[in-house]
Amino acid sequence: MKRRTYIDPTIASSDVTPESVFLNRRDLIKASSGGAAAALGLSAAQSGLAAEPAELSFKPDTQSALLKELTPYDDVTSYNNFYEFGTDKSDPVQHAHAMTTDPWAIKIGGLVNQPGELHLEDILRGFDLEERIYRFRCVEAWSMVVPWVGFPLAELLQRFDPKPEGRFVEFKTLYRRAEMRGTRSFTSIIDWPYREGLRMDEAMHPLTLMTVGLYGKTLPNQNGAPLRLIVPWKYGFKSIKSIVEINVTAKQPNTSWQELQPSEYGFYANVNPEVDHPRWSQRFERRLPSSIFNPNRVPTLPFNGYEEQVAGLYAGMDLRKFY
Ligand code: MTE
327 MKRRTYIDPT IASSDVTPES VFLNRRDLIK ASSGGAAAAL GLSAAQSGLA
377 AEPAELSFKP DTQSALLKEL TPYDDVTSYN NFYEFGTDKS DPVQHAHAMT
427 TDPWAIKIGG LVNQPGELHL EDILRGFDLE ERIYRFRCVE AWSMVVPWVG
477 FPLAELLQRF DPKPEGRFVE FKTLYRRAEM RGTRSFTSII DWPYREGLRM
527 DEAMHPLTLM TVGLYGKTLP NQNGAPLRLI VPWKYGFKSI KSIVEINVTA
577 KQPNTSWQEL QPSEYGFYAN VNPEVDHPRW SQRFERRLPS SIFNPNRVPT
627 LPFNGYEEQV AGLYAGMDLR KFY
């Protein structure tokens with residue numbers, strides 16, 4: 327099988343990433359091949375790690391206060407939500423290998439002056455990649471700390487020159503029934519493709535990351551290969567995976583979870599310990615790895631700890647109403 331590498335041959339990874347950073351990360355990536363698959367007793371071919379993630383060149387996040395709190399690679403890549411492959415946390419690592427990610431392109435259109443298509447190779451060549459260690463908080467009250475690799479979504483959008491009347495951005499995931507067993511299931515609840523959206527100022531915020539990797543390597547399929555969104559101050563369902571289409575719109579786009587259950591999942595979905603989910607509290611979260619013996623319960627922070635950077639986006643809004 328053809329294996330893609332995204333490494334710029336003129337740059338040794340040690341030029342980009344200090345060895346100490348790699349060593350620290352390496353402790354958390356099990357040396358065994360396909361650690362996450364092995365943890366589930368799967369062969370590499372049965373798992374989403376079948377096409378081994380390739381190393382990326384990027385500017386490391388060495389200053390993050392979260393460096394010591396990283397969630398191990400195995401947990402990040404084996405406990406997933408990716409309903410296209412099933413609703414159990416272990417379904418994505420077992421079944422996402424069926425998704426073909428080469429070739430891959432995203433279509434960018436709607437209210438932009440220069441609509442078009444970008445191929446993955448051009449994305450990887452055309453943007454400077456950087457590592458961002460972010461807290462990641464699921465609406466289901468579990469959380470992780472992940473070293474993502476990507477570039478600001480703003481840089482991508484600017485290339486397509488959004489029109490002034492474009493106030494929102496809509497995202498769509500790949501929908502390929504033959505490769506996505508969850509979309510064929512009779513228990514499938516989502517009107518595919520999976521869709522998400524942001525207000526334009528949220529999309530342009532410097533924390534909003536177009537993500538192509540984690541732990542210094544390309545994304546495994548179960549984490550949304552080859553390209554996903556990460557919006558660290560919002561519940562994880564906003565961080566849409568395996569994106570194939572982006573549209574700038576004048577009206578607030580419909581989103582999958584809001585459409586499914588509007589009383590439980592809002593368009594904004596900002597992490598907020600003060601506003602409970604109708605069926606559970608959002609005051610605390612289970613930080614992975616966690617077990618019955620060591621639940622690792624930590625208090626949830628307003629805007630997931632990014633209040634200082636993003637609260638201004640919502641000045642004057644009633645966050646109980648716009649949840
Ligand atoms: N994107 C798509 N296309 N399909 C999904 O089911 N699940 C969301 C989000 N993006 C989902 C998705 C939810 S609920 C969460 S918590 C995160 O992905 C999980 O990301 P992770 O598996 O990388 O931790």
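Going by the working numbering, the sequence shown opens with residue 327, and the numbers climb by one from there. Idealized CB from N, CA, C, for every residue including glycine. These numbers were taken from a predicted model, which means no experiment stands behind them.
Let me check one thing: in DSSP terms, what residues is phenylalanine 477 bridge-paired to?
Met536
Measuring CB to CB, does glutamate 410 end up less than 8 angstroms from threonine 509? yes
Presumed contact (8 angstroms Cβ cut-off) between leucine 645 and valine 601, rounded CB distance: Correct: roughly 7 angstroms between the Cβ atoms.
Should proline 532 and phenylalanine 462 be called a contact, given that it needs their Cβ atoms to be closer than 8 angstroms? no
Inset, instruction - Determine the extent of the beta strand (DSSP E) in which proline 615 is found, giving its start and end residues. - result: No beta strand (DSSP E) contains proline 615, which DSSP labels as neither H nor E.
Determine whether the beta carbon atoms of phenylalanine 593 and glutamine 608 lie at a separation below 8 angstroms.
no
- [ ] Quick one: measure Cβ to Cβ for isoleucine 569 and phenylalanine 497, integer angstroms, because I've assumed they're closer than 8 angstroms.
- [x] 5 angstroms
| query | Looking at the structure shown, is asparagine 573 part of a helix, part of a strand, or coil, going by DSSP? | reply | strand
Chain-order list of residues whose beta-carbon lies under 6 angstroms from that of tyrosine 591 (same chain, five-residue window excluded): Trp583 and Gln584
Measure how close the beta-carbons of serine 469 and leucine 354 come, nearest whole angstrom, since I'm counting them as under 8 angstroms. Not a contact, Cβ separation roughly 16 angstroms.
* Hey, glycine 476 and threonine 575 are a contact pair by Cβ (cut 8 angstroms); roughly how many whole angstroms apart? -> Incorrect: roughly 23 angstroms between the Cβ atoms, too far for contact.
Quick check: does the Cβ of tyrosine 501 come within less than 7 angstroms of any heavy atom belonging to ligand 1? no
* Taking 7 angstroms as the cut-off, does the CB of isoleucine 566 come closer than this to any heavy atom belonging to ligand 1? -> yes
Here's a check: name, in chain order, each residue in its chain whose Cβ is nearer than 7 angstroms to the Cβ of threonine 426, leaving out the five neighbours to either side. Glu505
For tyrosine 460, the residue or residues it bridges with in DSSP: Val472
Self-check item: Given 8 angstroms, three or more beta-carbon pairs between the stretch 386-399 and the stretch 516-530
Solution: no
Count the other CB atoms, across all protein chains shown, that sit within 10 Å of the CB of phenylalanine 629; report buried if there are 16 or more and exposed otherwise.
-> The residue is buried, with at least 16 neighbouring Cβ atoms inside 10 Å.
Check: Starting from phenylalanine 419 and walking both ways along the alpha helix (DSSP H), at which residues does that stretch end?
Finding: A small correction: the amino acid at residue 419 is valine; phenylalanine does not occupy that position in the sequence shown. 417-421 is the span of the alpha helix (DSSP H), which, as asked, contains valine 419.
Checklist entry - Quick one: what does DSSP say tryptophan 583 is sitting in, helix, strand or coil? => result Note: tryptophan 583 maps to helix in three-state DSSP.
Pick from Glu456, Leu483, Asn573 and Trp474 that is closest to proline 398, judged by C-alpha positions: Trp474
- Alpha carbon to alpha carbon, how far is isoleucine 515 from glutamate 378? 31 angstroms
### Task
Determine the direct distance from the alpha carbon of threonine 499 to that of glutamate 571, and round the result to whole angstroms.
7 angstroms
Which word fits lysine 489, buried or exposed, when buried means at least 16 other C-beta atoms lie within 10 angstroms of its C-beta?
Lysine 489 is exposed by the Cβ-count criterion.
Reference phenylalanine 384; option with closest CA among Glu466, Glu457, Lys560 and Tyr541 = It is Glu457 whose Cα lies nearest to the Cα of phenylalanine 384.
Starting from the C-beta of tryptophan 606, find all residues in its chain whose C-beta is less than 7 angstroms away, skip the five residues before and the five after it, and write them out in chain order.
Ala467, listed in sequence order.
Would glycine 562 and asparagine 407 qualify as a contact pair, given that the criterion is a beta-carbon distance under 8 angstroms? Yes, these two residues count as a Cβ contact at 8 angstroms.
Checklist entry - Roughly how many angstroms lie between the CA atoms of glutamate 381 and glutamate 611, to the nearest whole one? => result 31 angstroms
Could you give the distance in angstroms between the alpha-carbon of alanine 595 and the alpha-carbon of leucine 586? 14 angstroms
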